[in-house]
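*Asks:*
Number of protein chains: 2
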Amino acid sequence: MPQTHLRSATRYGNRPTMKDVAARAGVGLKTVSRVVNGEPGVTPETERRVQEAIDALGFRRNDSARVLRKGRTASIGLVLEDLADPFYGPLSRAVEEVARAHGALLINGSSAEDPDREQELVLALCARRVDGLVVIPAGDDHRYLEPELKAGVATVFVDRPAGHIEADVVLSDNFGGARDGVAHLIAQGHRRIGFIGDMPRIHTAAERLRGYRAAMEDAGIPVADPWMSLGVTDPERVRRAAEDMLSGPDPVTAIFAGNNRVTVTVIRVLAEHSRRVALVGFDDIELADLLQPGVTVVAQDAAAIGRTAAERLFRQLDGSPVAPERIELPTRLITRGSGELPPAD
Amino acid sequence: MPQTHLRSATRYGNRPTMKDVAARAGVGLKTVSRVVNGEPGVTPETERRVQEAIDALGFRRNDSARVLRKGRTASIGLVLEDLADPFYGPLSRAVEEVARAHGALLINGSSAEDPDREQELVLALCARRVDGLVVIPAGDDHRYLEPELKAGVATVFVDRPAGHIEADVVLSDNFGGARDGVAHLIAQGHRRIGFIGDMPRIHTAAERLRGYRAAMEDAGIPVADPWMSLGVTDPERVRRAAEDMLSGPDPVTAIFAGNNRVTVTVIRVLAEHSRRVALVGFDDIELADLLQPGVTVVAQDAAAIGRTAAERLFRQLDGSPVAPERIELPTRLITRGSGELPPAD
DNA sequence: CCCGAGGCTGACAACGTTGTCCAGGCTCTA
DNA sequence: TAGAGCCTGGACAACGTTGTCAGCCTCGGG
Numbered sequence: 011m012p013q014t015h016l017r018s019a020t021r022y023g024n025r026p027t028m029k030d031v032a033a034r035a036g037v038g039l040k041t042v043s044r045v046v047n048g049e050p051g052v053t054p055e056t057e058r059r060v061q062e063a064i065d066a067l068g069f070r071r072n073d074s075a076r077v078l079r080k081g082r083t084a085s086i087g088l089v090l091e092d093l094a095d096p097f098y099g100p101l102s103r104a105v106e107e108v109a110r111a112h113g114a115l116l117i118n119g120s121s122a123e124d125p126d127r128e129q130e131l132v133l134a135l136c137a138r139r140v141d142g143l144v145v146i147p148a149g150d151d152h153r154y155l156e157p158e159l160k161a162g163v164a165t166v167f168v169d170r171p172a173g174h175i176e177a178d179v180v181l182s183d184n185f186g187g188a189r190d191g192v193a194h195l196i197a198q199g200h201r202r203i204g205f206i207g208d209m210p211r212i213h214t215a216a217e218r219l220r221g222y223r224a225a226m227e228d229a230g231i232p233v234a235d236p237w238m239s240l241g242v243t244d245p246e247r248v249r250r251a252a253e254d255m256l257s258g259p260d261p262v263t264a265i266f267a268g269n270n271r272v273t274v275t276v277i278r279v280l281a282e283h284s285r286r287v288a289l290v291g292f293d294d295i296e297l298a299d300l301l302q303p304g305v306t307v308v309a310q311d312a313a314a315i316g317r318t319a320a321e322r323l324f325r326q327l328d329g330s331p332v333a334p335e336r337i338e339l340p341t342r343l344i345t346r347g348s349g350e351l352p353p354a355d
Numbered sequence: 011m012p013q014t015h016l017r018s019a020t021r022y023g024n025r026p027t028m029k030d031v032a033a034r035a036g037v038g039l040k041t042v043s044r045v046v047n048g049e050p051g052v053t054p055e056t057e058r059r060v061q062e063a064i065d066a067l068g069f070r071r072n073d074s075a076r077v078l079r080k081g082r083t084a085s086i087g088l089v090l091e092d093l094a095d096p097f098y099g100p101l102s103r104a105v106e107e108v109a110r111a112h113g114a115l116l117i118n119g120s121s122a123e124d125p126d127r128e129q130e131l132v133l134a135l136c137a138r139r140v141d142g143l144v145v146i147p148a149g150d151d152h153r154y155l156e157p158e159l160k161a162g163v164a165t166v167f168v169d170r171p172a173g174h175i176e177a178d179v180v181l182s183d184n185f186g187g188a189r190d191g192v193a194h195l196i197a198q199g200h201r202r203i204g205f206i207g208d209m210p211r212i213h214t215a216a217e218r219l220r221g222y223r224a225a226m227e228d229a230g231i232p233v234a235d236p237w238m239s240l241g242v243t244d245p246e247r248v249r250r251a252a253e254d255m256l257s258g259p260d261p262v263t264a265i266f267a268g269n270n271r272v273t274v275t276v277i278r279v280l281a282e283h284s285r286r287v288a289l290v291g292f293d294d295i296e297l298a299d300l301l302q303p304g305v306t307v308v309a310q311d312a313a314a315i316g317r318t319a320a321e322r323l324f325r326q327l328d329g330s331p332v333a334p335e336r337i338e339l340p341t342r343l344i345t346r347g348s349g350e351l352p353p354a355d
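These protein sequences, in sequence, are chains B and E. Residue numbers for the first sequence follow my numbering, beginning at 11 and rising by one. Residue numbers for the second sequence follow my numbering, beginning at 11 and rising by one.
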């Protein structure tokens, strides 16, 4: 007996196929296919017999084969930085909802901010022939996607634009949001305002820094170097940066935190300080209203970003191709107290 | 010209196949397959020619076809309640890490706590022939999974046991955790302790309620009905329940909150009250240490749960079949202040 | 010089499904 | 009653890949 035969009998743990169902129901293969897919042209009586066989055998259509035949997988890929980051929860959920509305499943993975891992993930998703991709880029060169784009994989970038390729991107107005947040501090009378953010090679970080500078410049306040701390994101270094700003010869009276992780650490540092220092953070954080004082933030609408990106994706898929576009969503300043503290010199 | 020909030319937007690569490189189909899969037995010179053709055409292996042939998809499904819930972020991430270590991708979906939607999702994943499933059940009858289990789909339930079928389950010691949390309040001198939790038809909620009752009984404290509020989870009703407990003729001096959402709302209510009421919550919440007072919680280790479940899943897949098991992970009481407030009568 | 061994290579079938197309039986009409 | 047309059902190829197997070629030893 050829070995293939044995193998085929144990594939998928002996999963019945349409052929098996057809044999049991005493009908042709295609008739089973018709019943399974609810296609017309099957007598009620025949349909009943087929359905009976399906139930008896526990048959479930093999979508791999279906995909191979049809060319559409009805699934989209989502590559983000870290599923555990609270910013991405609502975002994924929104993408999922839209996908679901279009009958698609969501496959996702975390790049852990590693460009190589991002590429690996994206290409794995392409190999599975996802219909589309939503990517929160970790790297800044996406030319590896060129063949995929040419092959028609719909792609939308989120949070940061793609590098060296033309593609849709949906992001917050990082520049405007940061500028507004800093301007808010200036309006309270602050002039010595610190900025702690991520490396400027990250697009969002660069934009927020630019917003900080713009607000300061608009107010005619020269920015001192020690007020800015860039490329600082792990708690230990944020802590040190904040303490430096607060203790120097020319200490800041307010801090603008470049993202949620920074904000949380700065809150911790400020809690240990006696002097009241104002704080505005980029990204909302949970329970921010329950702290003393409440934390004023520039909030992004993660769900709206996800929804917009996914809808844009399916527009690419459903309709005629459209030119890549950059969609910027507004941010919202939420005042809760920490940003309204006056300067305490 | 037959229409099939046209279609086949535009499938996947004209994706090149191994056949195309073979033609361009002037080799056989199987040789391309060998190169793509790094199989031995190809001259360096031939390999170079093939690789060149691959790069030139932007070829990417079609995993759907591969899956069809091999019978393994190298992907696992994760069905949870809500990706946006902070409890599930670290959990998904942990599952993803383990999957990645085994070379598998993660497909996931949210059931939104709707049993029908759970079933729909699970079966869709089965149709894609995921190798395994991690399910956080929304429903309480999983007999629909019987054919799948019989067919060899590895399955691990998380957070709650499966209904009417035998399957692995990984969960926290909800009973013990709640009992310890309530005992902690009793140890501070509280006797009138309220409990606000979800519907007891949800396994975790029932277990936590049982823990509450056990702790009270151990201390010889009879439980008054108005102290317990079950099936209450949306903020508005939690708020009302909490206020009722605090304002009755026999007001509670402490509250045990059955899950993180309840805890957050209770914190809000307590913040508006002048009388100091103790609080212990099930599930940790972010920034709990920064609130005044810090929130004492019974913490579950979501990442550990996810990791354990995924590892168990791959053990099912890799090795010989093992008998279904129930794995309970310990919880941890984290004291931060709110649970150590003495009774204020 | 011949033979066997071993290394490369490619032809072919199969995975499970769906699209196409045709056959056979039926009804309806002239 | 014959012919046209409709309805139902099934045979067959194709999707892109991988496992099997057989053929060719080279090389070394007898």
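Cβ coordinates follow ideal geometry from the N, Cα and C atoms, glycine included. Please read all numbers here as calculations on a predicted model, not as lab measurements.
Does Asp208 (chain E) get closer than 9 Å to chain B when you measure Cβ to Cβ?
*Replies:* What you label residue 208 (chain E) is simply residue 198 of the second sequence in a count that begins at 1. Judged by the 9 Å Cβ criterion, Asp208 (chain E) is not in contact with chain B.
*Asks:* Hey, would you say Thr306 (chain B) sits closer than 9 Å to Gly187 (chain B), going by beta carbons?
*Replies:* Stepping through the first sequence from its first residue, residue 306 (chain B) is reached at position 296. Stepping through the first sequence from its first residue, residue 187 (chain B) is reached at position 177. No, Cβ-Cβ distance for Thr306 (chain B) and Gly187 (chain B) is not below 9 Å.
*Asks:* Checking the sheet assignment: what are the DSSP bridge partners for Ser284 (chain E)?
*Replies:* Working through the second sequence from its first residue, we reach residue 284 (chain E) at position 274. DSSP output for Ser284 (chain E) lists no bridge partner at all.
*Asks:* Say yes only if the C-beta of Ile337 (chain E) is nearer than 8 Å to one or more non-hydrogen atoms of the ligand SAH, and no if none qualify.
*Replies:* As presented, the structure is devoid of all ligands, the ligand SAH included, so that no description of it is given.
*Asks:* Taking 9 Å as the threshold (beta carbon to beta carbon), is Phe167 (chain B) in contact with chain E?
*Replies:* Sequence index remark: in the first sequence, residue 167 (chain B) carries index 157 (1-based). By this cut-off, Phe167 (chain B) is not an interface position.
*Asks:* Nearest by alpha-carbon distance to Ile265 (chain B): which of B:Ile206, B:Asp150, B:Gly304 and B:Asp293 is it?
*Replies:* Looking up residue 265 (chain B) in the first sequence gives position 255. Selected option, being the one with the closest Cα: B:Ile206.
*Asks:* Could you confirm whether any beta carbon from chain E is found closer than 9 Å to the beta carbon of Ala319 (chain B)?
*Replies:* Residue mapping note: residue 319 (chain B) aligns to position 309 of the first sequence, counting from 1. Judged by the 9 Å Cβ criterion, Ala319 (chain B) is not in contact with chain E.
*Asks:* Could you pull out every residue in the same chain whose Cβ sits closer than 6 Å to the Cβ of Ile231 (chain B), ignoring the five residues on either side in sequence?
*Replies:* Translated into positions along the first sequence, residue 231 (chain B) becomes position 221. Excluding residues within five positions, the ones whose Cβ falls inside 6 Å are Arg201.
*Asks:* Within 9 Å (strictly less), CB to CB, does Gly347 (chain E) reach chain B?
*Replies:* In the second sequence, counting from the first residue as 1, residue 347 (chain E) sits at position 337. Gly347 (chain E) does not count as touching chain B.
*Asks:* For the structure I just gave you, are there three or more beta carbon pairs, one from the region 117-129 of chain E and one from the region 74-94 of chain E, closer than 8 Å?
*Replies:* The region 117-129 of chain E vs the region 74-94 of chain E: in contact.
*Asks:* Kindly indicate if chain E contains any beta-carbon less than 9 Å away from that of Leu297 (chain B).
*Replies:* If you number the first sequence from 1, residue 297 (chain B) lands on position 287. True, the Cβ-Cβ gap to chain E drops below 9 Å.
*Asks:* Compare the C-beta of Ala172 (chain E) with all C-beta atoms of chain B and state if any pair is closer than 9 Å.
*Replies:* Locating residue 172 (chain E) in the second sequence gives position 162, where the first residue counts as 1. It does not: the Cβ of Ala172 (chain E) has no partner Cβ on chain B nearer than 9 Å.
*Asks:* For the region 36-62 of chain B, enumerate the residues whose C-beta is nearer than 9 Å to any C-beta of chain E, in chain order.
*Replies:* Cβ contacts with chain E come from no residue of the region 36-62 of chain B.
*Asks:* Looking at Pro96 (chain E) and Asn269 (chain E), is the spacing between their C-beta atoms short of 9 Å?
*Replies:* Position 259 of the second sequence holds residue 269 (chain E). Position 86 of the second sequence holds residue 96 (chain E). In this structure, Pro96 (chain E) does not lie closer than 9 Å to Asn269 (chain E) by Cβ.
*Asks:* If we call anything under 9 Å between Cβ atoms a contact, is Glu123 (chain B) one with Ala148 (chain B)?
*Replies:* Reading the first sequence from its first residue, position 113 is the one you call residue 123 (chain B). Reading the first sequence from its first residue, position 138 is the one you call residue 148 (chain B). The answer is yes: Cβ separation under 9 Å.
*Asks:* Please list, in chain order, the residues of the region 98-120 of chain E that have any C-beta partner in chain B closer than 8 Å.
*Replies:* Those residues of the region 98-120 of chain E that come within reach of chain B (Cβ to Cβ, closer than 8 Å) are Tyr98, Gly99, Pro100, Ser102, Arg103, Glu106, Arg110, Leu115, Leu116, Ile117, Asn118, Gly119 and Ser120.
*Asks:* With a 10 Å radius around its C-beta and 16 neighbouring C-beta atoms as the bar for buried, classify Ala312 (chain E) as buried or exposed.
*Replies:* In the second sequence, the residue the question calls residue 312 (chain E) occupies position 302. So Ala312 (chain E) ends up on the buried side.
*Asks:* For the region 261-285 of chain E, which residues have a CB atom closer than 8 Å to at least one CB atom of chain B, in sequence order?
*Replies:* Residues passing the 8 Å Cβ filter: Val274, Ile277, Arg278 and Ala281.
*Asks:* How far does the alpha helix (DSSP H) with Asp228 (chain E) in it extend, from its first residue to its last?
*Replies:* For the purposes of this step, residue 228 (chain E) is taken as residue 218 along the second sequence, with counting starting at 1. Run containing Asp228 (chain E): His213 to Asp228, per the alpha helix (DSSP H) assignment.
*Asks:* Below 9 Å between beta carbons: does that hold for Leu101 (chain E) and Ile337 (chain E)?
*Replies:* Indexing the second sequence from 1 puts residue 101 (chain E) at position 91. Indexing the second sequence from 1 puts residue 337 (chain E) at position 327. Cβ distance not < 9 Å, so Leu101 (chain E) and Ile337 (chain E) don't count as in contact.
*Asks:* Which residues, in chain order, does the region 232-258 of chain B contribute to contact with chain E at a C-beta distance below 9 Å?
*Replies:* Those would be none; no residue qualifies.
*Asks:* What's the gap between the Cα of Val363 (chain E) and the Cα of Val242 (chain E)?
*Replies:* The structure shown does not extend to residue 363 (chain E), since chain E spans only 11 to 355, so no value can be given for it.
*Asks:* Could you check the C-alpha separation between Ala172 (chain B) and Ile175 (chain E) for me, to the nearest Å?
*Replies:* The residue you call residue 172 (chain B) lines up with position 162 of the first sequence. The residue you call residue 175 (chain E) lines up with position 165 of the second sequence. Taking the straight line from one Cα to the other gives about 47 Å.
*Asks:* Here's the rule: buried if 16 or more other CB atoms are within 10 angstroms of the residue's CB, otherwise exposed. What is Asp244 (chain E)?
*Replies:* The residue labelled residue 244 (chain E) in the question sits at position 234 within the second sequence. Exposed: under 16 other Cβ atoms inside 10 Å.
*Asks:* Is it right to say Val332 (chain B) is buried, meaning 16 or more other beta carbons lie within 10 angstroms of its own, or is it exposed?
*Replies:* As a working mapping, residue 332 (chain B) is identified with position 322 in the first sequence. Per the 10 Å Cβ criterion, exposed.
*Asks:* Could you check if Gly38 (chain E) is buried or exposed, using at least 16 other CB atoms within 10 Å of its CB as the buried criterion?
*Replies:* Position 28 of the second sequence, counting from 1, holds the residue named residue 38 (chain E). Exposed.
*Asks:* On the DSSP bridge list, what partners appear for Gly347 (chain E)?
*Replies:* In the second sequence, the residue the question calls residue 347 (chain E) occupies position 337. Gly347 (chain E) is bridged to E:Gly304.
*Asks:* If you count every other CB in all the chains shown that lies within 10 Å of the CB of Arg71 (chain B), and 16 or more means buried, which is it?
*Replies:* Start at 1 with the first residue of the first sequence, and residue 71 (chain B) comes out as number 61. It counts as buried.
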